Amino acid sequence: MALCGPVGCHWQVSVPITGDGEHAGVPTCTTSCCWQCPEGATLMAWLWWVGALGVVCLGLIFPVHLLRLSCLWHVTLPRKALQPASKAQHFCKAHAKVLRRVVLGLLVVAYLCYFIAACYLNFQRALPLVVITAVVVFFICWEVFQKHCGAKVLLLLRPVGKLLWVALLAGLIVWLVLDTGRNPEQLISLGGFCFLVLFLFACSKHHGAVSWRVVFWGLGLEFLLGLFVLRTTPGTQAFQWLGDQVQYFLGYTTAGSSFVFGNTLIEEVFAFQTLPIIVFFSCVMSILYYLGVMQWLILKISWVLQISMGTTPTETLSVAGNIFVGQTEAPLLIRPYLADMTLSEIHSVMTGGFATIAGSVMGAYISFGIDAASLIAASVMAAPCALGMAKLVYPEVEESKFKGKASIRISRGEEQNILEAASNGAANSVGLVANIAANLIGFLAVLEFINAALRWFGKMVDIEGLTFQVICSYVLMPLAFLMGADWADSPLVAELLGIKIFLNEFVAYQQLATYKKNRLMGLEEWDGSRKQWISVRRAESITTFALCGFANLSSLGITLGGLSSMVPQRKSDLAAVVLRALLTGMCVSMLNACLAGLLYVPTEVGDCAMFFSTTNFSSTSYTMYTCCKQLFASCWGSSFVLWLKECCAYYNHTSCAWTF
33 MALCGPVGCH WQVSVPITGD GEHAGVPTCT TSCCWQCPEG ATLMAWLWWV
83 GALGVVCLGL IFPVHLLRLS CLWHVTLPRK ALQPASKAQH FCKAHAKVLR
133 RVVLGLLVVA YLCYFIAACY LNFQRALPLV VITAVVVFFI CWEVFQKHCG
183 AKVLLLLRPV GKLLWVALLA GLIVWLVLDT GRNPEQLISL GGFCFLVLFL
233 FACSKHHGAV SWRVVFWGLG LEFLLGLFVL RTTPGTQAFQ WLGDQVQYFL
283 GYTTAGSSFV FGNTLIEEVF AFQTLPIIVF FSCVMSILYY LGVMQWLILK
333 ISWVLQISMG TTPTETLSVA GNIFVGQTEA PLLIRPYLAD MTLSEIHSVM
383 TGGFATIAGS VMGAYISFGI DAASLIAASV MAAPCALGMA KLVYPEVEES
433 KFKGKASIRI SRGEEQNILE AASNGAANSV GLVANIAANL IGFLAVLEFI
483 NAALRWFGKM VDIEGLTFQV ICSYVLMPLA FLMGADWADS PLVAELLGIK
533 IFLNEFVAYQ QLATYKKNRL MGLEEWDGSR KQWISVRRAE SITTFALCGF
583 ANLSSLGITL GGLSSMVPQR KSDLAAVVLR ALLTGMCVSM LNACLAGLLY
633 VPTEVGDCAM FFSTTNFSST SYTMYTCCKQ LFASCWGSSF VLWLKECCAY
683 YNHTSCAWTF
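Using the numbering used here, read the sequence shown as starting at 33 and increasing by one per residue.
Put into structure tokens, the structure is as follows:
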């Protein structure tokens with residue numbers, strides 16, 4: 033304990049605590065007069081600067097609001113009394129741009145002071161703030177560059193553009209050959225990818241009108257995004273970090289749901305555990321729309337797709353919006369233009385809705401235990417692929433009214449303030465939550481009835497255990513194998529595909545979460561003739577990508593109903609293209625799965641000897657299951673007898689029968 037300043041002003045050194053982000057040796061004040069210490073004075077100086085700048089900003093903004101209010105009183109107040117106020121108001125209007133820049137500059141300086149202080153005190157703790165700031169600065173710099181130098185750079189690159197793409201394509205082919213040579217099973221996923229593209233081309237409405245630029249750019253952007261996410265360390269870490277932040281963010285739902293329902297219900301009942309996440313996410317999305325954040329982000333993504341693929345701004349904007357919102361919400365972004373869109377553009381809008389999932393239900397799937405990074409990557413990768421495949425299946429043969437337009441305007445909504453936006457977002461989610469709950473009750477009940485009927489019919493001809501899932505596992509097994517799933521896991525993957533297509537992806541993800549939980553718990557892989565989990569992590573990743581989309585039979589009515597209410601005069605046109613859009617959306621999700629299988633890198637289990645030396649064998653896990661299986665198959669010595677005995681206590685093997 034050291035004295036500083038007047039008697040009683042003490043500083044003590046904090047003890048480092050693991051995980052809280054504090055550095056050891058950071059002085060911590062114990063009384064309220066520590067501002068007289070040198071260290072405290074430094075920190076207080078930062079706070080004074082931030083506070084002073086805030087007061088200055090308020091001093092500039094508050095008089096302007098007073099001047100606006102004074103205009104409402106000009107009827108009752110004398111004209112002479114209003115002259116100074118009117119002059120000040122005239123001055124503010126004449127110099128509005130300068131004043132706005134001054135206020136903005138002061139706010140930027142205040143934020144820089146806060147940012148530097150946060151990084152100085154604890155950089156590790158301020159790392160998320162650094163990432164957010166870096167992203168915002170990057171986009172600001174990109175806009176400035178695009179505004180002043182974008183056209184010149186494009187003009188300079190035009191002569192070497194074709195050579196650049198040829199070199200890039202050649203390098204990609206060489207890389208694929210070398211990479212698949214090390215992992216030959218990836219060739220199956222590559223074959224499945226090519227098969228699905230050829231199948232969609234065979235289903236094309238106008239084969240001769242296909243714009244191959246759109247198709248190749250869509251597949252190329254999908255591949256580059258997948259390569260960045262799945263095969264590069266920065267991409268993997270970035271999306272894993274983003275997924276972790278989403279999980280932490282969704283955890284705040286507990287504060288509201290536990291207050292309303294109580295801790296017991298949210299821990300034990302599915303409806304109170306998962307569905308409130310949709311309410312919270314919808315509320316946040318509504319706030320972001322009110323602030324203009326979502327519109328800005330969607331426009332940036334739309335601009336990239338539009339410039340590279342050459343599609344019209346209306347269809348591109350809707351597909352980009354589907355990354356974040358659902359199949360009926362995204363078309364609201366382009367509602368004023370739907371009546372004038374071509375059939376090909378409407379088909380693209382529908383395909384984007386079928387090929388992706390909404391951010392609100394993504395939160396629910398993450399709460400099941402599905403990998404958040406894979407879900408986010410699948411939604412982002414699906415956007416360019418959906419646009420490309422939509423133009424492959426239904427090429428443009430009409431003259432679009434929006435061709436050549438740089439962009440279109442997006443409204444912010446009718447909310448008056450942020451509180452109204454939050455309230456509307458939460459209220460609007462009630463219908464979605466009720467719809468999901470009702471669908472789950474209805475679909476699961478119908479599924480159980482179908483299974484009971486199939487079992488009854490099966491018993492008539494001595495077939496035991498005939499169910500809808502079993503039929504799907506046989507019918508769709510070749511497709512699951514083509515996506516890259518191991519042959520032993522193909523029945524389970526095919527079963528989940530069938531549930532997703534004929535029921536919905538919510539039920540399928542719930543079943544996938546059960547399989548994943550069984551694997552992580554270290555249960556036996558087989559329970560009699562029934563496989564309890566997907567044994568290969570690659571197949572689990574493929575399934576996560578394949579299920580990520582609203583392409584199921586129940587979504588046909590949702591899409592038709594939503595779009596018909598916006599443009600009732602085009603109901604017949606919507607019905608004419610919806611089945612093609614559904615098929616295209618299904619194939620887009622499976623193309624994503626093929627790409628995940630092609631780019632997936634298997635991870636090996638760590639040192640089993642080290643694991644056995646440190647574990648207490650109190651419960652099972654996937655690592656324990658894998659290491660025990662390796663122990664059963666190995667030539668073990670007398671030193672491994674104790675480990676073998678512990679493994680035999682949980683798992684059955686022939687080694688256990690004759691050893692103990």
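By construction, the Cβ of each residue, glycine as well, lies at the ideal position given by its N, Cα and C atoms.
Note that this is a predicted model, so its numbers are computed, not measured.
Less than 7 Å between C-beta atoms, sequence neighbours within five positions excluded: which residues of the same chain meet that for residue i?
i: VAL107; result: Caution applies to VAL107, whose pLDDT of 45 falls short of 50 and renders its modelled position unreliable; the value that the coordinates give is listed next. The answer is none, since no qualifying residue turns up.
i: ASN456; result: SER318 and GLU447
i: SER406; result: SER573, THR576 and PHE577
i: ILE378; result: ASP605, LEU606 and VAL609
i: GLU527; result: GLN501, CYS504 and SER505
i: SER340; result: TRP249 and LEU253
i: TYR541; result: TYR397, PHE400, ILE402 and LEU579
i: THR285; result: PRO308, ILE309 and PHE312
Is residue j closer than 8 Å to residue i when the C-beta atoms are compared?
i: GLY391; j: PHE356; result: yes
i: CYS235; j: VAL381; result: no
i: LEU262; j: LEU631; result: yes
i: ALA303; j: GLY401; result: no
i: VAL278; j: ALA396; result: no
i: MET421; j: GLY530; result: no
i: LEU627; j: GLU254; result: yes
i: TRP565; j: TYR547; result: yes
i: LEU486; j: LEU476; result: no
i: SER314; j: ALA410; result: no
i: GLU678; j: PHE649; result: yes
i: CYS151; j: VAL162; result: yes
i: PHE386; j: GLY617; result: yes
i: ASN584; j: PHE664; result: no
i: ILE310; j: VAL206; result: no
i: ILE442; j: GLN338; result: no
i: ILE468; j: LEU592; result: no
i: ILE590; j: THR360; result: yes
i: ILE172; j: TYR322; result: no
i: GLY510; j: ARG570; result: The sequence as given places Pro at residue 510; Gly does not occur at that position. Going by C-beta atoms, PRO510 is not nearer than 8 Å to ARG570.
i: TYR682; j: THR647; result: no
i: PHE225; j: LEU623; result: yes
Taking the alpha carbon of residue i as the reference point, which residue from the options has its own alpha carbon closest?
i: LEU331; options: SER318, VAL316, ASP518 and VAL351; result: VAL351
i: THR165; options: ASN624, LEU144, LEU201 and ALA149; result: LEU144
i: VAL465; options: TRP335, GLN501 and GLN305; result: GLN305
i: GLY594; options: GLU557, VAL198, GLY358 and GLY267; result: GLY358
i: PHE582; options: GLU496, GLY283, PHE171 and ALA418; result: ALA418
i: GLU496; options: ILE473, LYS549 and ARG562; result: ARG562
i: PHE312; options: SER289, THR296 and PHE293; result: SER289
i: PHE434; options: PRO368, LEU196, LEU479 and ALA241; result: PRO368
Please list, in chain order, all residues of the same chain as residue i whose beta carbon is under 6 Å from its beta carbon, the five residues on each side excluded.
i: VAL87; result: Because VAL87 sits at a pLDDT of 49, beneath the cut-off of 50, its placement in the model cannot be relied upon, and the point is left open.
i: GLN218; result: THR212 and LEU630
i: VAL568; result: ASP518 and ASP521
i: ILE482; result: PHE500
i: LYS237; result: TYR426
i: GLY516; result: ILE220, SER221, ILE574 and GLY629
i: LEU508; result: ALA526, LEU529 and GLY530
Could you name the residues of the same chain whose beta carbon sits closer than 8 Å to that of residue i, not counting the 5 residues immediately before and after it, in chain order?
i: ASN471; result: ASN536, PHE538 and SER586
i: LEU257; result: ALA409, VAL412, MET413 and PRO416
i: LEU430; result: Here residue 430 turns out to be Glu, not Leu, going by the sequence shown. Same-chain partners within the cutoff: THR374, LEU375 and SER376.
i: ILE333; result: ALA352, ILE355 and ALA415
i: SER243; result: GLY342, LYS423, PRO427 and GLU428
i: CYS619; result: LEU228, PHE231, LEU232 and MET421
Considering only heavy atoms of the ligand FMN, does any lie closer than 7 Å to the CB of residue i?
i: THR265; result: What this structure holds is no ligand at all, so the ligand FMN is not there to describe.
Unbroken alpha helix (DSSP H) runs of length 4 or more, entirely within the segment 107 to 173: which are they? 111 to 126 and 128 to 153
Tell me whether the segment 601 to 616 and the segment 411 to 427 touch, counting them as touching only if at least three CB pairs, one residue from each stretch, are closer than 8 Å. yes
Does the structure place the segment 365 to 377 close enough to the segment 340 to 351 that three or more beta carbon pairs sit under 8 Å? yes
Suppose only complete runs of 4+ residues qualify. What are the alpha helix (DSSP H) ranges in the segment 355 to 419, listed by chain order? 375 to 387 and 391 to 400
Quick check: the segment 547 to 564 against the segment 650 to 665, are at least 3 beta-carbon pairs closer than 8 Å? yes
Length at least 4, wholly inside the segment 538 to 623: the alpha helix (DSSP H) runs in chain order: 569 to 578 and 585 to 598
In the segment 267 to 314, which residue ranges form an unbroken beta strand (DSSP E) of at least 3 residues, counting only runs that do not cross its ends? none
Restricting to runs no shorter than 4 residues, where is the alpha helix (DSSP H) found entirely within the segment 435 to 487? none
Mind listing, in chain order, the continuous beta strand (DSSP E) runs of no fewer than 3 residues lying wholly within the segment 202 to 276? none
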